[in-house]
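In what follows, a structure is listed as structure tokens, so that the remarks can point back to it.
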Amino acid sequence: MSLVSESEVGLAASGASPSDYVALLKPRVMSLVVFTAVAGILLAPHPVHPVLGLISLLAIAVGAGASGALNMWYDADIDRLMARTAGRPIPAGRMSGGEALAFGLVLSCFSVLTLGLAANWLAAGLLAFTIFYYVVVYTMWLKRSTPQNIVVGGAAGALPPMVGYAAATGSLSLSSLVLFAIIFVWTPPHFWSLALVKSRDYGRAGIPMAPNIWGPDATRTQILAYSLVLAPVGLLPWILGFAGPAYGVVAALGGAGMIFGCLAVFRIREGDRAKRIAMRNFGFSILYLFALFAVLVVERLIAIWTGALL
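Structure representation (structure tokens):
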């Protein structure tokens with residue numbers, strides 16, 4: 001049983017500050033979720049009413065925050081064993097697990113009901129499934145049982161564009177599935193680059209991350225292999241015609257950059273230089289994904305402003 005008792009995580013939680021509740025939402029992850037959901041909304045063949053779009057994004061953002069809160073509730077026992085997570089509200093003793101659980105459950109229900117009432121129940125169902133998948137399938141099961149946790153669990157982080165598209169149209173499309181595929185294939189080389197540097201942290205917490213189970217060398221091979229798949233997948237929006245030439249250029253250059261960075265991770269394996277290269281690849285992967293979706297968003301906004309989607 002992985003749940004921790006109130007005494008283990010600190011009952012002095014009654015003094016939790018507003019910033020602690022914000023931290024539970026994982027704001028950086030939430031911002032990525034919202035950004036990719038915007039792209040999904042803008043892929044709709046016709047412009048979405050701004051009010052509907054804003055409410056949908058709010059609901060998706062709250063759903064992402066709820067997932068983060070429930071993740072921190074369940075993972076409090078291992079968070080207190082890792083340097084990068086020991087300062088989170090529950091392991092640091094500023095909030096009880098019960099408070100985080102209640103907060104996450106309330107936000108989950110609010111986000112799903114809001115999206116269903118404001119947009120449609122397909123989008124709400126997808127959002128509910130995303131929360132369930134992240135909390136139950138990934139956090140409670142995969143994360144602690146298999147080094148494939150990031151691969152299979154990455155589906156949760158890849159779903160927001162599909163939720164956004166469903167909110168705008170009441171349906172799904174090939175274009176929304178392609179955006180899902182980009183994020184899904186991007187996740188392993190992104191996260192495993194960090195895991196190479198933080199493998200001791202994960203080892204202390206007993207989390208079976210790829211470097212700890214397969215070994216660093218096999219993980220580096222996997223990182224490179226995924227980058228070779230990611231580069232052409234990243235070009236699909238342009239190839240399939242729902243992204244323009246600017247996107248094609250950014251995707252081609254960014255894909256080449258990902259392959260180059262992952263190749264460096266594969267080749268340089270020892271010492272501080274290897275750690276620096278892995279962290280540099282981790283940072284570049286964030287820039288790569290941001291650039292893809294930013295260009296796609298800008299292209300779609302220009303199409304709306306010029307009347308091409310009207």
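Residue numbers (the working numbering): 1 to 310. We put the beta carbon where it would ideally sit given N, CA and C, even for glycine.
Environment of residue i [buried if 16+ CB atoms lie within 10 Å]
i, result
"Leu296", "buried"
"Ser108", "buried"
"Thr130", "buried"
"Glu270", "exposed"
"Val136", "exposed"
"Ala243", "buried"
"Gly15", "exposed"
"Ala86", "exposed"
"Leu289", "buried"
"Phe191", "buried"
"Thr306", "exposed"
"Pro91", "buried"
"Ser2", "Per-residue confidence for Ser2 stands at a pLDDT of 45, beneath the threshold of 50, marking its modelled position as unreliable; no derived number is given."
"Arg220", "buried"
"Leu204", "It should be pointed out that residue 204 corresponds to Arg in this sequence rather than to Leu. Under this definition Arg204 is an exposed residue."
"Asp79", "buried"
"Val249", "exposed"
"Ser176", "buried"
"Val51", "exposed"
"Ser5", "Any answer about Ser5 is weak, because its pLDDT of 45 lies below 50 and its placement is not dependable; what the coordinates show is given next. By the 10 Å Cβ count, Ser5 comes out exposed."
"Val106", "exposed"
"Pro211", "buried"
"Arg84", "exposed"
"Gly241", "exposed"
"Arg28", "exposed"
Terminal residues of the alpha helix (DSSP H) in which residue i lies
i, result
"Asp79", "Ala76 to Asp79"
"Val295", "Gly271 to Trp305"
"Ala155", "Asn149 to Ala158"
"Ser96", "Ser96 -> no alpha helix (DSSP H), and no H or E assigned at all."
"Phe132", "Trp121 to Phe132"
"Arg28", "Pro27 to Leu42"
"Leu240", "Per DSSP, Leu240 belongs to no alpha helix (DSSP H) and is neither H nor E."
"Val22", "Pro18 to Leu24"
Nearest-angstrom beta carbon gap, residue j and residue i [assumed within contact, 8 Å]
i, j, result
"Tyr247", "Met140", "Not a contact, Cβ separation roughly 37 Å."
"Ser227", "Ile259", "5 Å"
"Ala167", "Ser56", "4 Å"
"Pro89", "Val178", "Actually they do not touch by this definition, with Cβ atoms about 37 Å apart."
"Gly97", "Ala76", "6 Å"
"Pro160", "Val33", "5 Å"
"Ala69", "Gly104", "3 Å"
"Leu113", "Gly170", "Not quite, the Cβ-Cβ distance comes to about 17 Å (not below 8 Å), so this is no contact."
"Leu292", "Ala251", "6 Å"
"Ala100", "Leu24", "6 Å"
7 Å Cβ shell around residue i - same chain, five flanking residues per side excluded
i, result
"Met209", "Pro147, Ala195, Ser199 and Tyr202"
"Leu230", "Val185, Trp186, Pro189, Gly255 and Met258"
"Gly116", "Ala124"
Residues near residue i in its chain [Cβ-Cβ closer than 8 Å; skip 5 each side]
i, result
"Ser173", "Leu43 and Tyr165"
"Ile41", "Val48, Gly53, Ser56, Leu57, Gly164, Tyr165, Ala167 and Ala168"
"Pro314", "This structure cannot settle anything about residue 314, because the visible part of the chain is limited to 1 through 310."
"Lys143", "Asp75, Asn149, Gly153 and Ile207"
Neighbourhood of residue i by C-beta, 6 Å cutoff - its chain only, sequence neighbours within 5 removed
i, result
"Ile304", "Pro47"
"Val298", "none"
"Gly63", "Ser111, Leu127 and Ile131"
"Ala156", "Thr130, Tyr133, Tyr134 and Tyr138"
"Met30", "Ala61, Ala64 and Gly65"
"Gly261", "Asn281 and Phe284"
"Asn336", "Residue 336 is absent from the model: the chain starts at 1 and stops at 310."
"Phe266", "Arg220 and Leu224"
"Ala264", "Ile277"
Chain B contact for residue i (CB, 8 Å cutoff)
i, result
"Ala119", "Checking the listed chains, one finds no chain B in this structure; it contains a single protein chain."
- Task: Entirely within the segment 173 to 227 and at least 4 residues each: give me those alpha helix (DSSP H) ranges in chain order.
- Result: At a cut-off of 4 residues, the continuous stretches assigned as alpha helix (DSSP H) that sit fully inside the segment 173 to 227 are 174 to 197, 199 to 205 and 210 to 213.
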